[in-house]
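Number of protein chains: 2
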Amino acid sequence: MTPTESELAILQVLWIQGPTTVRAVNEALNTLAAQSDPPDRAIGYTTTLKLLQLMAEKGLVTRDESQRSHIYTAAAKQEKTQRSLLGRFVANTFGGSRSELVLRALGDGQATPEELAEIKDLITRLENDRTHG
Amino acid sequence: MTPTESELAILQVLWIQGPTTVRAVNEALNTLAAQSDPPDRAIGYTTTLKLLQLMAEKGLVTRDESQRSHIYTAAAKQEKTQRSLLGRFVANTFGGSRSELVLRALGDGQATPEELAEIKDLITRLENDRTHG
DNA sequence: AAATATATACGAAATGGTTCGTAGTTGCAA
DNA sequence: TTGCAACTACGAACCATTTCGTATATATTT
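Heads up: the sequence lines are chains A and B, in that order.
The working numbering numbers the first residue of the first sequence as 11 and each following residue consecutively.
The working numbering numbers the first residue of the second sequence as 11 and each following residue consecutively.
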């Protein structure tokens, strides 16, 4: 089950903060909304609540109802969700070509020297894995 | 103006085929739908027509009405659209970190040796640009 | 010339996602 | 113990997107 854009925003909060109440998720979202440029409009508390309820039904989050304030936790690891969304995005936007995506991501002069070095190292490791593993 | 998922599927056809009639777009979409696994349901002709009409209103495509069968053309280059969608995707899914995206894209063992070599070359060129340019 | 095929236009229903108001409940403070 | 604050549940409105039926016009075939 893959999250929508709003659901993903909530998952980002849960991945960073760990198990979290509705109120804390809502406040985190609105802090981010206020910081973005131009600032996004604040989201009502019950909107966040409803989304979390729907996400629980879909299995995107689990919840602990033992306290009056329910505690929500992301059901899937961030990496797994990123992989899944990435696959879909690459299929839709780059005809399935991961390397096209990477070329586009690196090819606009935004990457720092550190990032480039890191990626080059990764590639070297991948090549060695392929050769020796 | 950024395309929706269905609109993007149509743009992919237009980028590959160049200026195209509604019917040809519809047939291309349905060929792809039939090939995908599991196969997607076929899309009606008037659905494709309507989408193209809306896309023309939004400025995503231009159309030549000089013949009875209108001819549609993608308004933006594929690369520009990919950049724009990529920016949004990186922001939503990877907290804005392009290198996180790249690490994830390369780190699942799907990339071929040729792709890896190509990307390493690209990085080397980018590093040289930074040093000497 | 009539029938058939193919085209555009467009209203409207169906779908999916987001937003919030309101009702009802529980805890806490005055 | 009364009242206020914070919580969950949930229906319903709203919005964007997708889908298609039907009306109408134009070309083509018989």
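Beta carbons are placed, not taken as given, at the ideal position from N, Cα and C, and that holds for glycine.
Bear in mind the structure is a predicted one, so any value in this text is a computation, not a measurement.
Continuous beta strand (DSSP E) stretch holding Arg73 (chain B): start and end: By one-based count along the second sequence, residue 73 (chain B) stands at place 63. Unbroken beta strand (DSSP E) run through Arg73 (chain B): 71 to 74.
With 16 as the cutoff for other CB atoms within 10 Å, does Ala115 (chain A) come out buried or exposed? Locating residue 115 (chain A) in the first sequence gives position 105, where the first residue counts as 1. By the 10 Å Cβ count, Ala115 (chain A) comes out buried.
Would the stretch 124 to 132 of chain A and the stretch 124 to 139 of chain B be scored as touching if the rule is three or more Cβ pairs under 8 Å? yes
My output table needs one value for Ile53 (chain B): the three-state DSSP class, helix, strand or coil. Translated into the one-based positions of the second sequence, residue 53 (chain B) becomes position 43. Ile53 (chain B) falls in the coil class under three-state DSSP.
Can we say the stretch 73 to 85 of chain B touches the stretch 91 to 105 of chain A, given the rule of at least three CB pairs closer than 8 Å? no
Through-space distance from Gln120 (chain B) to Ala38 (chain B), alpha-carbon basis: Working through the second sequence from its first residue, we reach residue 38 (chain B) at position 28. Working through the second sequence from its first residue, we reach residue 120 (chain B) at position 110. When rounded, the distance between both Cα atoms is 27 Å.
Under 9 Å, Cβ to Cβ, is there at least one residue of chain B near Gly117 (chain A)? Residue 117 (chain A) sits at position 107 when you count from the first residue of the first sequence. Closer than 9 Å: yes.
From Leu70 (chain B) to Arg51 (chain B), what distance separates their C-alpha atoms? Position 60 of the second sequence, counted from the first residue, corresponds to residue 70 (chain B). Position 41 of the second sequence, counted from the first residue, corresponds to residue 51 (chain B). Approximately 25 Å, taken between the alpha carbons.
Cβ atoms of Ala34 (chain B) and Gln27 (chain B): under 9 Å apart, would you say? Counted from its first residue, the second sequence places residue 27 (chain B) at position 17. Counted from its first residue, the second sequence places residue 34 (chain B) at position 24. For Gln27 (chain B) and Ala34 (chain B), yes; Cβs fall inside 9 Å.
Nearest neighbour of Glu15 (chain B), chosen from B:Glu75, B:Glu110, B:His80, B:Leu61 [CA to CA]: Translated into the one-based positions of the second sequence, residue 15 (chain B) becomes position 5. For Glu15 (chain B), the nearest C-alpha among the options comes from B:Leu61.
My output table needs one value for Thr30 (chain A): the three-state DSSP class, helix, strand or coil. Here residue 30 (chain A) refers to the residue found at position 20 of the first sequence. Note: Thr30 (chain A) maps to strand in three-state DSSP.
Alpha helix (DSSP H) segment containing Thr157 (chain A), residue limits: Here chain A comprises residues numbered 11 to 143, so residue 157 (chain A) is not present and cannot be evaluated.
Note down, in chain order, every chain B residue with its Cβ under 7 Å from the Cβ of Asn102 (chain A). Residue mapping note: residue 102 (chain A) aligns to position 92 of the first sequence, counting from 1. Result: Glu15, Leu18.
Using beta carbons (cut-off 9 Å, strictly below), is Val23 (chain A) in contact with chain B? What you label residue 23 (chain A) is simply residue 13 of the first sequence in a count that begins at 1. Chain B, which has no Cβ nearer than 9 Å to the Cβ of Val23 (chain A), makes this no.
Taking only the alpha-carbon atoms, compute the straight-line gap between Thr134 (chain B) and Thr134 (chain A) and give it to the nearest angstrom. The sequence position of residue 134 (chain B) within the second sequence is 124, counting from 1. The sequence position of residue 134 (chain A) within the first sequence is 124, counting from 1. Thr134 (chain B) and Thr134 (chain A): Cα-Cα distance of roughly 13 Å.
What are the boundary residues of the alpha helix (DSSP H) that includes Ser101 (chain B)? Working through the second sequence from its first residue, we reach residue 101 (chain B) at position 91. Checking the sequence, you will find Ala at residue 101 (chain B) rather than Ser. Looking at the DSSP string, the run of the alpha helix (DSSP H) that includes Ala101 (chain B) is 88 to 104.
Tell me the rounded alpha-carbon separation between Ile20 (chain A) and Leu111 (chain B). By one-based count along the first sequence, residue 20 (chain A) stands at place 10. By one-based count along the second sequence, residue 111 (chain B) stands at place 101. Spanning the two alpha carbons is a distance of roughly 19 Å.
Candidates B:Thr103, B:Asn138, B:Tyr55, B:Arg78: which alpha carbon is nearest Gln92 (chain A)'s? Here residue 92 (chain A) refers to the residue found at position 82 when the first sequence is read from its first residue. Among B:Thr103, B:Asn138, B:Tyr55, B:Arg78, the Cα nearest to that of Gln92 (chain A) belongs to B:Thr103.
Between the Cα of Thr72 (chain A) and the Cα atoms of A:Leu24, A:Asn36, A:Asn40, which residue gives the shortest distance? Start at 1 with the first residue of the first sequence, and residue 72 (chain A) comes out as number 62. Answer by Cα proximity: A:Leu24.
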